[in-house]
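Take my numbering: the last position of the sequence shown gets the number 247, and nothing is skipped along the way. The C-beta atom is built at its ideal place from N, Cα and C for all residues, glycine as well. In what follows, a structure is listed as C-alpha cells, so that the remarks can point back to it.
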Amino acid sequence: MKKLFIIANWKANKTEDEMQIWLSEIKNLLGQNPDYGTGNKEIVVCPPFTHLAMIKKYVKTNNLPIRMGSQDISVFGRGAYTGEIPAALQHDFADFCIVGHSERRKNFNETDEIVAKKVEMAKAGGFLPIVCVQGEETPVPKDSVIVAYEPISAIGTGNPDTPESADKVASIIKEKSGAQYVIYGGSVTGENVNTFTQMPSIDGVLVGGASLDAEKFMQIIKNS
Ligand code: PGA
Numbered sequence: 024m025k026k027l028f029i030i031a032n033w034k035a036n037k038t039e040d041e042m043q044i045w046l047s048e049i050k051n052l053l054g055q056n057p058d059y060g061t062g063n064k065e066i067v068v069c070p071p072f073t074h075l076a077m078i079k080k081y082v083k084t085n086n087l088p089i090r091m092g093s094q095d096i097s098v099f100g101r102g103a104y105t106g107e108i109p110a111a112l113q114h115d116f117a118d119f120c121i122v123g124h125s126e127r128r129k130n131f132n133e134t135d136e137i138v139a140k141k142v143e144m145a146k147a148g149g150f151l152p153i154v155c156v157q158g159e160e161t162p163v164p165k166d167s168v169i170v171a172y173e174p175i176s177a178i179g180t181g182n183p184d185t186p187e188s189a190d191k192v193a194s195i196i197k198e199k200s201g202a203q204y205v206i207y208g209g210s211v212t213g214e215n216v217n218t219f220t221q222m223p224s225i226d227g228v229l230v231g232g233a234s235l236d237a238e239k240f241m242q243i244i245k246n247s
C-alpha cells in the first residue's frame with residue numbers, strides 16, 4: 024500500500040476554545056477508529072503558530088497518531104527579525120512546514136525565489152517542507168520531498184480539479200522535479216477524497232476548509 028499524507032491546513036482559523044473542542048472531538052473519533060493514522064496514513068495538522076505547542080502536547084499526552092506542521096517559515100535565521108518565526112524556534116513543535124501557499128504568494132508577495140529560500144531554510148532546519156505549487160509551470164525548488172499541487176480555482180471554491188487532471192499534473196511534477204510525493208489540495212471532502220488518493224501519482228491531500236471540522240476531517244482520513 025502506498026504512503027498517504029492527509030494534511031490539515033487550518034490557515035488563520037480557530038481560537039483557543041475552538042482548538043480545544045476540535046482536539047477533544049478528534050481524540051474521540053480516533054479512539055473509535057484506532058487503525059486510522061497508523062499504517063500507510065500519515066496525519067499532519069498545520070494550525071496557526073499560536074496553537075502548535077498546545078496541540079503537540081495534547082497529541083503526545085493522548086498518544087494520538089498525529090504529526091505537527093506549521094504554515095510558514097522565515098527566510099531568516101534567529102536574530103533581530105521582529106515578528107518572524109525561524110526554523111530554529113519552531114522545530115521543537117513541528118516536523119513539517121507548508122511553504123509557498125498561493126495565499127502567501129498573493130497576499131504577502133512571496134516570489135518563487137522567496138519560496139526557494141524558505142524551502143532551503145526549512146530543510147536546513149530539519150523540516151520536511153510541503154511545497155505548494157499552482158500548476159506544472161510553478162518552479163519546484165530543488166530537493167523538495169512533498170509537493171502539494173493546488174490549482175487556485177479549486178481552493179475554497181467547492182470546485183476541485185478532476186482526479187485525472189490532478190494525476191496528470193502530479194506525474195509531470197514528479198518527473199520534472201524528482202519529488203518523492205505529490206499531494207493534491209483544493210476543495211477536498213470526505214466524498215471526493217478517494218477519487219484523488221486512488222490515482223497512481225497522488226500521495227495524499229492538503230485539506231483547508233474541511234479540516235476545521237473534526238468529523239469532516241475524520242471522514243477524509245477514513246475514506247482516503
Ligand atoms: P480548501 O483549501 O480545502 O479549503 O479548498 C485547500 C488549501 O488551500 O490548502
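- Within the segment 196-239, the runs of alpha helix (DSSP H) that reach at least 4 residues and sit entirely inside it are, in chain order, 216-220.
- In this structure the segment 209-216 touches the segment 167-177; the number of beta carbon pairs closer than 8 Å is three or more.
- If the five residues before and after residue 147 are omitted, its C-beta is found closer than 6 Å to no C-beta atom of its own chain.
- In the DSSP assignment, residue 194 is bridged to no other residue.
- Taking residue 135 as the centre and dropping the five residues before and after it, the same chain places the C-beta of 162 closer than 7 Å to its C-beta, in chain order.
- For residue 155, same chain residues with a beta-carbon under 6 Å away, outside a window of 5 residues either side, are 123, 124, 171 and 173 in chain order.
- Taking the CA atoms as reference points, residue 228 sits about 12 Å from residue 222.
- Remark: the C-beta of residue 173 is in contact range of the ligand PGA, defined as less than 8 Å to any heavy atom.
- When only Cα atoms are considered, residue 169 and residue 103 end up about 31 Å apart.
- Going by DSSP, residue 171 is part of the beta strand (DSSP E) stretching over 169-172.
- When DSSP assignments are scanned along the segment 125-166, the uninterrupted stretches of beta strand (DSSP E) that are 3 or more residues long and fall wholly within it turn out to be 151-156.
- Relative to the ligand PGA, the beta carbon of residue 213 is positioned no closer than 8 Å to any heavy atom.
- Relative to the ligand PGA, the beta carbon of residue 89 is positioned no closer than 8 Å to any heavy atom.
- Here the alpha carbon of residue 64 sits roughly 6 Å from the alpha carbon of residue 28.
- CA-to-CA, the gap between residue 51 and residue 25 works out to about 27 Å.
- Here residue 32 is buried. Its C-beta has 16 or more other C-beta atoms within 10 Å.
- Residue 215 holds the alpha-carbon nearest to the alpha-carbon of residue 177 among 215, 112 and 74.
- If you draw a straight line from the Cα of residue 192 to the Cα of residue 220, it is about 14 Å long.
- Counting every other CB atom within 10 Å of its CB across the protein chains shown gives residue 78 a total of 16 or more, marking it as buried.
- From the listed residues 83, 108, 85 and 81, the smallest Cα separation to residue 94 is found for 108.
- Residue 92 is bridged by DSSP to 119.
- Between residue 89 and residue 66 a beta carbon distance of about 5 Å is seen, short of the 8 Å cut, so the two are scored as contacting.
- Pairing residue 241 with residue 43, the inter-Cα distance amounts to about 16 Å.
- Under the rule that a run must span 4 or more residues, the alpha helix (DSSP H) segments found entirely inside the segment 42-86 read 72-84.
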